[in-house]
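Note sheet for the following structure.
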Amino acid sequence: MSAQRIYIAGPMSGLPDFNYPSFDRAEQDLAAAGFEPSSPAVLAHLSPTDPGELADGLSYEDVLATGLQMLLNADAVALLDDWESSHGARLEVALARRRGLLTAPVGHWLSLEPAGPAPEADRASVPLDPSQVAEIERNAPTVMVDPLGTPAELRASLMRLGDKVRADARRGGKNR
Numbered sequence: 044m045s046a047q048r049i050y051i052a053g054p055m056s057g058l059p060d061f062n063y064p065s066f067d068r069a070e071q072d073l074a075a076a077g078f079e080p081s082s083p084a085v086l087a088h089l090s091p092t093d094p095g096e097l098a099d100g101l102s103y104e105d106v107l108a109t110g111l112q113m114l115l116n117a118d119a120v121a122l123l124d125d126w127e128s129s130h131g132a133r134l135e136v137a138l139a140r141r142r143g144l145l146t147a148p149v150g151h152w153l154s155l156e157p158a159g160p161a162p163e164a165d166r167a168s169v170p171l172d173p174s175q176v177a178e179i180e181r182n183a184p185t186v187m188v189d190p191l192g193t194p195a196e197l198r199a200s201l202m203r204l205g206d207k208v209r210a211d212a213r214r215g216g217k218n219r
């Protein structure tokens with residue numbers, strides 16, 4: 044039996060080095076506690092010349108789409124401090140909760156003994172296709188309030204994300 048897969052959600056945008064040190068620390072701590080962590084803090088997303096910038100050709104929507112793909116394979120979600128301030132993390136938490144996944148702070152997971160993967164019965168009864176993510180979140184406006192942007196800007200970002208996820212799904216999940 045493999046370890047429980049835990050996705051790490053937290054703020055990235057606007058933070059030094061995209062908050063990768065916090066994601067890395069959580070990933071190491073969860074792995075040491077016997078979990079199988081997955082983190083959206085993927086080094087390939089960063090510019091090789093400036094870790095404070097995304098790699099050429101990558102957009103915020105690209106990075107969020109990668110995280111959502113990882114989330115779809117998780118059994119639960121570990122939350123970093125201040126996750127509520129990130130509209131991307133709020134989107135991830137809303138999706139996780141709709142799928143029936145437990146979401147809790149990293150410290151909660153570290154205080155438990157890993158119990159193996161969550162039974163399939165504990166997940167949403169119908170598997171979620173990545174191309175449905177934008178449609179599901181379109182019906183959840185209360186979690187999609189971005190205090191730093193207008194509702195129109197947020198809707199436009201989500202539409203671009205939905206277009207990217209649908210295009211990736213049509214290409215068989217290959218995003219490059």
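Count along the sequence shown starting at 1, add 43, and that's the number in our numbering. Just so it is clear, CB atoms sit at the ideal spot from N, CA and C, and this is done for glycine as well. Quick caveat, the model's predicted, so the values are computed rather than measured.
- Counting of Cβ neighbours within 10 angstroms places D99 among the exposed residues, the total staying below 16.
- Under the three-state reduction of DSSP, E96 is assigned to coil, being neither helix nor strand.
- Rounded to whole angstroms, the separation of the alpha carbons of A52 and L86 is 16 Å.
- The region 131-147 and the region 58-67 do not touch, with fewer than 3 CB-CB distances between them shorter than 8 Å.
- In terms of Cα proximity to F66, the closest of P148, L115, S102 and L204 is P148.
- Around the beta carbon of G110, 16 or more other beta carbons sit within 10 angstroms, so the residue counts as buried.
- Looking at the backbone, the Cα of S81 and that of E96 are separated by about 21 Å.
- If the five residues before and after K207 are omitted, its C-beta is found closer than 6 Å to the C-beta atoms of E104 and A108, all from its own chain and listed in chain order.
- When C-alpha distances from H151 are compared across F78, L58, P54 and S128, the shortest belongs to F78.
- Selection T92, S90 and A84 evaluated against M55 yields A84 as nearest (Cα-Cα).
- A distance below 9 Å separates the beta carbons of L144 and D118.
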